[in-house]
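A quick write-up on the structure given underneath.
Numbering (our numbering), first residue to last: 1 to 258.
Structural data, given as structure tokens:
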């Protein structure tokens with residue numbers, strides 16, 4: 001393919017820690033192949049060279065937390081043939097969505113010496129709450145191999161081959177004994193796979209970094225946690241982390257709130 005005819009890739013940052021963009025940079029040899037297959041037209045994390053749109057594929061990291069960003073994401077969508085959100089912030093509002101459970105003005109007053117300089121929205125929301133999203137890649141941070149698969153799929157015009165099962169399947173694949181069987185509360189049964197079940201491998205319950213799997217049975221998990229001695233507050237706090245605003249996690253956490 002002529003280099004001038006390569007698909008154009010753009011990477012955008014909103015409210016986030018940059019961890020998911022760094023996952024793309026961490027692809028190393030795969031990134032070199034990718035750079036030959038696409039024209040990286042807009043990726044400030046990697047290069048100061050920025051080309052105007054339109055773009056064939058936009059990867060969006062981060063949540064919407066300001067009025068300015070709520071306007072900016074509309075412009076990104078208009079310039080993008082396909083738009084994929086990457087990471088917990090972009091897909092569910094991220095850790096900053098904890099503000100959604102309280103009054104953000106209280107946080108601003110407590111943290112900043114001059115609160116009147118701060119301009120922010122009352123909530124942190126996922127990109128899908130503002131524009132149409134073609135695909136969501138979960139994780140905090142995302143799995144770099146899954147990211148390469150998503151990019152390859154969109155370039156080839158096919159659906160990404162990303163497993164929809166829970167972390168429990170990953171535990172079985174690596175031969176890890178179920179920590180819940182051993183009496184340790186774990187979010188693995190309701191969490192989307194992708195991390196390789198790292199935490200259970202070290203006999204620690206899953207933190208839910210990859211957000212809710214498809215059709216999670218949250219009520220059943222809550223009941224099982226209670227049989228293991230977890231209090232309603234324990235359950236609520238466990239669900240209010242990286243993916244606090246994801247609908248299944250939010251509803252179940254609120255059901256156990258004090």
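Idealized CB from N, CA, C, for every residue including glycine.
- The three-state secondary structure of residue 256, taken from DSSP, is coil.
- Per DSSP, residue 28 is not a residue of any beta strand (DSSP E), being assigned neither H nor E.
- Taking a cut-off of 8 Å for Cβ pairs, the stretch 114 to 125 and the stretch 59 to 66 touch, as three or more such pairs fall below it.
- Secondary structure at residue 100: helix, using DSSP grouped into helix, strand and coil.
- In the three-state DSSP reduction, residue 39 falls in the strand class (E or B).
- For the options 132, 60, 34 and 42, the alpha carbon positioned closest to that of residue 15 is the one of 60.
- Taking all protein chains in view, the Cβ of residue 214 is surrounded by fewer than 16 other Cβ atoms within 10 Å, so the residue is classified as exposed.
- Taking 9 Å as the cut-off, the Cβ atoms of residue 55 and residue 37 do not count as close.
- For residue 172, the uninterrupted alpha helix (DSSP H) run begins and ends at 167 to 174, by DSSP.
- Note on the stretch 51 to 112: whole alpha helix (DSSP H) runs with a minimum of 4 residues are 67 to 79, 88 to 92 and 104 to 111, in chain order.
- In the three-state DSSP reduction, residue 135 falls in the strand class (E or B).
- Taking a C-beta distance under 9 Å as the contact criterion, residue 157 and residue 86 do not qualify as a contact pair.
- Scanning its chain for C-beta atoms nearer than 8 Å, with the 5 sequence neighbours on each side dropped, one finds around residue 81 the residues 54, 55, 56 and 57, in chain order.
- Annotated three-state conformation of residue 212 is strand, per DSSP.
- Annotation: the continuous alpha helix (DSSP H) that includes residue 233 extends over 232 to 239.
- For residue 150, the enclosing alpha helix (DSSP H) stretches over residues 144 to 156.
- Taking a C-beta distance under 9 Å as the contact criterion, residue 184 and residue 221 do not qualify as a contact pair.
- Contact fails between the stretch 228 to 237 and the stretch 192 to 206, because fewer than three Cβ pairs, one in each stretch, are under 8 Å apart.
- Boundaries of the beta strand (DSSP E) harbouring residue 9: 8 to 13, taken from the DSSP string.
- Per the coordinates, the alpha-carbon of residue 72 lies some 10 Å from the alpha-carbon of residue 130.
- In the assembly as shown, residue 204 is an exposed residue. Its beta-carbon has fewer than 16 other beta-carbons within 10 Å.
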